[in-house]
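If you're matching positions, the sequence shown starts at 15 in this note's numbering and goes up one per residue. In what follows, a structure is listed as structure tokens, so that the remarks can point back to it.
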Amino acid sequence: MFVRSPFSQLSCVLAILVAIFFLSYSFASAGQSNTLTVGNAKQLVAESAADTIVPPSMALAVAAITSGFRSNFENASGSRGLMSISPDVAQSYGIEPSELWDARTNISLGLRALGDFFRHFGHDWSSALQRYAKVMSVSNDPARFARRALVSERGFAEEIVTRNALEERKREVLNVKTQARYKPEFDKFFRNAFGQNEIKRQKQSFINNRTRENNNVEFSDNVYGQFKERHRTVLANLDDFSSGNIPERLLRGHKQ
Numbered sequence: 015m016f017v018r019s020p021f022s023q024l025s026c027v028l029a030i031l032v033a034i035f036f037l038s039y040s041f042a043s044a045g046q047s048n049t050l051t052v053g054n055a056k057q058l059v060a061e062s063a064a065d066t067i068v069p070p071s072m073a074l075a076v077a078a079i080t081s082g083f084r085s086n087f088e089n090a091s092g093s094r095g096l097m098s099i100s101p102d103v104a105q106s107y108g109i110e111p112s113e114l115w116d117a118r119t120n121i122s123l124g125l126r127a128l129g130d131f132f133r134h135f136g137h138d139w140s141s142a143l144q145r146y147a148k149v150m151s152v153s154n155d156p157a158r159f160a161r162r163a164l165v166s167e168r169g170f171a172e173e174i175v176t177r178n179a180l181e182e183r184k185r186e187v188l189n190v191k192t193q194a195r196y197k198p199e200f201d202k203f204f205r206n207a208f209g210q211n212e213i214k215r216q217k218q219s220f221i222n223n224r225t226r227e228n229n230n231v232e233f234s235d236n237v238y239g240q241f242k243e244r245h246r247t248v249l250a251n252l253d254d255f256s257s258g259n260i261p262e263r264l265l266r267g268h269k270q
């Protein structure tokens, strides 16, 4: 009768534990790589649509309705990913169903199919959306799906326009703040050519000249005399974006 040594048994146990560890790590890594946050998913959809015939707002609307921006979503009909792509449709485009779990591949294929439908129906979004809902098996009522998508698209369009306006306003504010800072351009030259006393004399002369030139100007780009007081005045009149709120006076779009 063959008796396995304790050493052999221990080796088998260790081998099994190592195999389990690597399998668990592989599955965990795969899950993490295929799962995006809602914010990241929205950004990826919008960026991908920017280079296609499908407007980013329309792409966001379709992804929101079909998957709720979940990259690991699968409906009862088997449609997968952010854009809820049917495995049959994927294969018709030369894409294996297993590849639909890759977010970029899924979005790219969804935008390609939606763009093809849009062209096929003479640039009619309602008809294109109904065809998408039917072939992707994302709705039992394609007409209702199209109506929902068109309404949702308007909301995302307003969101994009408002965000762009806000970002532009932020850039303007930062530009004003940056220009209000004094950067002595002559320091580097004078530091090598003259001593500290000469540098101080040149600076004072510069201040006096600028003060005389702007004596009758209420607010100028002279950053010396009463700099702190003027800087506080500027900051007090700038919009505060620290809370992330959009100023009430910022123009907003209106729903059509």
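Cβ atoms here follow ideal geometry from the backbone N, Cα and C, with glycine treated the same way.
Local conformation of Glu61 per DSSP, three classes = In the sequence shown, residue 61 corresponds to position 47, counting from 1. Helix, per DSSP.
With 16 other CB atoms within 10 Å as the buried threshold, where does Glu167 fall?
-> For the purposes of this step, residue 167 is taken as the residue at position 153 of the sequence shown. So Glu167 ends up on the buried side.
Bridge partner(s) assigned by DSSP for Glu88 = In the sequence shown, residue 88 corresponds to position 74, counting from 1. Paired residue(s): Arg94.
Could you tell me which of Phe83, Pro70, Ala63 sits nearest to Asn54, measuring between CA atoms?
-> Indexing the sequence shown from 1 puts residue 54 at position 40. Among Phe83, Pro70, Ala63, the Cα nearest to that of Asn54 belongs to Phe83.
List the DSSP bridge partners of Ile99.
-> To locate residue 99, count along the sequence shown from 1; it is residue 85. Bridge partners of Ile99: Arg94.
Check the C-beta distance from Asn120 over to Leu114 and give it rounded, since I have them as a contact under 8 Å.
-> Looking up residue 120 in the sequence shown gives position 106. Looking up residue 114 in the sequence shown gives position 100. Confirmed, about 5 Å.
Distance between Val175 and Ser151 (C-alpha atoms, nearest Å) = For this step, residue 151 is matched to residue 137 along the sequence shown. For this step, residue 175 is matched to residue 161 along the sequence shown. Straight-line Cα distance between these residues: approximately 31 Å.
Give me the Cα-Cα distance between Ala73 and Glu173, rounded to the nearest whole angstrom.
-> Stepping through the sequence shown from its first residue, residue 73 is reached at position 59. Stepping through the sequence shown from its first residue, residue 173 is reached at position 159. Each residue's Cα considered, the two are about 14 Å apart.
Could you tell me how far apart the beta carbons of Ala160 and Leu180 are, in whole angstroms, since I believe they sit closer than 8 Å?
-> Position 146 of the sequence shown, counting from 1, holds the residue named residue 160. Position 166 of the sequence shown, counting from 1, holds the residue named residue 180. Actually they are not in contact, since the Cβ atoms of Ala160 and Leu180 sit about 31 Å apart, beyond 8 Å.
Report the three-state DSSP secondary structure of Ser153 (helix, strand or coil).
-> Position 139 of the sequence shown, counted from the first residue, corresponds to residue 153. In this structure, Ser153 counts as coil in the three-state DSSP scheme.
With 16 as the cutoff for other CB atoms within 10 Å, does Leu123 come out buried or exposed?
-> Residue 123 sits at position 109 when you count from the first residue of the sequence shown. Looking at its Cβ environment, which holds 16 or more other Cβ atoms inside 10 Å, Leu123 is buried.
Can you tell me whether Thr80 is buried or exposed, with buried defined as 16 or more other CB within 10 angstroms of its CB?
-> Within the sequence shown, the letter at position 66 stands for residue 80. Thr80 comes out buried.
Which of helix, strand or coil does DSSP assign to Lys56?
-> Your numbering for residue 56 matches position 42 in the sequence shown. Lys56: helix per DSSP, three-state reduction.
What's the gap between the Cα of Ala77 and the Cα of Ser140?
-> As a position in the sequence shown, residue 77 is number 63, starting the count at 1. As a position in the sequence shown, residue 140 is number 126, starting the count at 1. Taking the straight line from one Cα to the other gives about 16 Å.
How should Tyr107 be labelled, buried or exposed, when 16 other C-beta atoms within 10 angstroms of its C-beta is the threshold for buried?
-> The residue labelled residue 107 in the question sits at position 93 within the sequence shown. Burial call: exposed.
What does a CB cutoff of less than 7 Å around Ala64 pick up in its chain, not counting 5 residues either side in sequence?
-> Reading the sequence shown from its first residue, position 50 is the one you call residue 64. Same-chain partners within the cutoff: Pro70.
Whether Ser93 touches Ile99 by CB criterion (9 Å) | For the purposes of this step, residue 93 is taken as residue 79 along the sequence shown, with counting starting at 1. For the purposes of this step, residue 99 is taken as residue 85 along the sequence shown, with counting starting at 1. Cβ distance < 9 Å, so Ser93 and Ile99 count as in contact.
Express the C-alpha separation of Ser85 and Phe132 in angstroms, rounding to a whole number.
-> Mapped onto the sequence shown, residue 132 falls at position 118. Mapped onto the sequence shown, residue 85 falls at position 71. Answer to the nearest angstrom: the Cα atoms are 24 Å apart.
So Pro111 and Ala104 are in contact, right, with Cβ under 8 Å, and what is the actual spacing, rounded?
-> Along the sequence shown, one-based indexing puts residue 111 at 97. Along the sequence shown, one-based indexing puts residue 104 at 90. Between Ala104 and Pro111 the Cβ distance is about 6 Å, and since that is below 8 Å, they are a contact.
Could you check what DSSP says for Phe159 in three-state terms: helix, strand or coil?
-> Counted from its first residue, the sequence shown places residue 159 at position 145. Three-state DSSP puts Phe159 in a helix.
When we look at the beta-carbon of Arg185 and count the other beta-carbons within 10 Å, is it buried (16 or more) or exposed?
-> One-based indexing of the sequence shown puts residue 185 at position 171. That one is exposed.
Residue environment, Lys171, which counts as buried when at least 16 other CB atoms sit within 10 Å | The residue you call residue 171 lines up with position 157 of the sequence shown. Correcting the residue type first, residue 171 is Ala in the shown sequence and not Lys. Classification for Ala171: buried.
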